[in-house]
Amino acid sequence: RSLESPSPPEGDITSLIETMSAQKLRLYRTFMFEVQQFYITRAKEDEEGSDQARLRKLLSPLDSLHNGKSHCLPGTRVDILKRFDEWARDEPGESARLLWLFGVSGCGKSTIAGTIAQTLKDTGCLLGSFFCKRDDKDRHDPKQLINHLAYCIAQNYPRFRDALLECMEENRFYVDSDLEAHFDYALMRPLLKSKNRISSPPLVFVVDGLDERDDHGKVAHFLSKVVAEAAWLKLIVTSSDIPQIRNAVE
76 RSLESPSPPE GDITSLIETM SAQKLRLYRT FMFEVQQFYI TRAKEDEEGS DQARLRKLLS
136 PLDSLHNGKS HCLPGTRVDI LKRFDEWARD EPGESARLLW LFGVSGCGKS TIAGTIAQTL
196 KDTGCLLGSF FCKRDDKDRH DPKQLINHLA YCIAQNYPRF RDALLECMEE NRFYVDSDLE
256 AHFDYALMRP LLKSKNRISS PPLVFVVDGL DERDDHGKVA HFLSKVVAEA AWLKLIVTSS
316 DIPQIRNAVE
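In my numbering, the protein residues as written are 76 to 325.
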């Protein structure tokens, strides 16, 4: 015995086709949206990668040396390391944004700076570090410190990076300019253009042995100007007690 399946009413078939067509259209639109977002994200990543490559080429940042520095032995320098750690965690406005550690040559300032930098890195509070060396032509060049600080800021703050690239386009010969103009184009102008558009907890940049570089008093003055304009930046500077540096940072 055979049974014939009853045919659905014609209206039901039409409704089913319309429903399937609508679902197909929604799936297609969703798919195309995802494809579009993929390519937008990819384009942004490519653009950011291109920007980073341009910055590396223009600024030629040096590698940080804090990883190779000797650190304080466990249980030593406890009080001073605790003070630095508490200062780094202070909210903006609670304390000075530039902390100067000074002392005679050989008293352990670089060891303390290396320990602080590593601790800040481990806690996600380190922006970067620069360890000056008198017998290294790059690490006693004040322009290299300016470049390295600018590069570290650009790595962490896209709005500063955009402003920095814009300033570099305005004056492509800034690399060959004098120290003041170099500082102006690599740091101050980008800071002034972007400072009101950056809101985040402060990060810390460590400069060790500032007195081992050329124009240390002038560079100390530059660093003081930077922290005065950037509420999201803190600086730790170590050096001997030199009047030009003291006058700039106090």
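For every residue, glycine included, the Cβ atom is placed at its ideal position computed from N, Cα and C. Computed from a predicted model, the values in this text were never measured in an experiment.
Close beta carbons around residue i, own chain, < 7 Å, minus the five adjacent residues each side
| i | result |
| --- | --- |
| residue 192 | 141, 201, 204, 281 |
| residue 258 | 221, 297 |
| residue 242 | 260, 264, 265 |
Pairwise C-alpha distance: residue j and residue i
| i | j | result |
| --- | --- | --- |
| residue 291 | residue 106 | 59 Å |
| residue 260 | residue 96 | 59 Å |
| residue 137 | residue 228 | 14 Å |
| residue 152 | residue 134 | 35 Å |
| residue 177 | residue 183 | 10 Å |
| residue 89 | residue 109 | 30 Å |
| residue 254 | residue 233 | 25 Å |
| residue 188 | residue 245 | 36 Å |
| residue 190 | residue 132 | 30 Å |
| residue 148 | residue 154 | 13 Å |
| residue 195 | residue 163 | 8 Å |
| residue 271 | residue 212 | 36 Å |
| residue 94 | residue 101 | 11 Å |
| residue 129 | residue 165 | 34 Å |
| residue 98 | residue 126 | 42 Å |
Same chain, Cβ closer than 6 Å to residue i, neighbours up to 5 away in sequence not counted
| i | result |
| --- | --- |
| residue 172 | 302, 309 |
| residue 209 | 215, 287 |
| residue 317 | 286 |
| residue 175 | 312, 324 |
| residue 197 | none |
Inter-residue CB distance, residue i and residue j (contact presumed, cutoff 8 Å)
| i | j | result |
| --- | --- | --- |
| residue 289 | residue 320 | Rounded, the Cβ-Cβ distance is 13 Å, inconsistent with contact. |
| residue 277 | residue 307 | 5 Å |
| residue 180 | residue 315 | 6 Å |
Spatial neighbours of residue i in its chain, beta-carbon cut-off 8 Å, leaving aside the 5 residues before and after
| i | result |
| --- | --- |
| residue 269 | 232, 234, 235, 237, 238 |
Review point. Contact between the segment 156 to 167 and the segment 298 to 314: three or more CB pairs below 8 Å?
Key: yes
Exercise for review: Entirely within the segment 196 to 251 and at least 3 residues each: give me those beta strand (DSSP E) ranges in chain order.
Suggested key: With a minimum length of 3 residues, the continuous beta strand (DSSP E) runs that stay inside the segment 196 to 251 are 201 to 206.
Check your understanding: What are the start and end residues of each continuous beta strand (DSSP E) run of 3 or more residues lying completely inside the segment 140 to 192, in chain order?
Key -> 173 to 177
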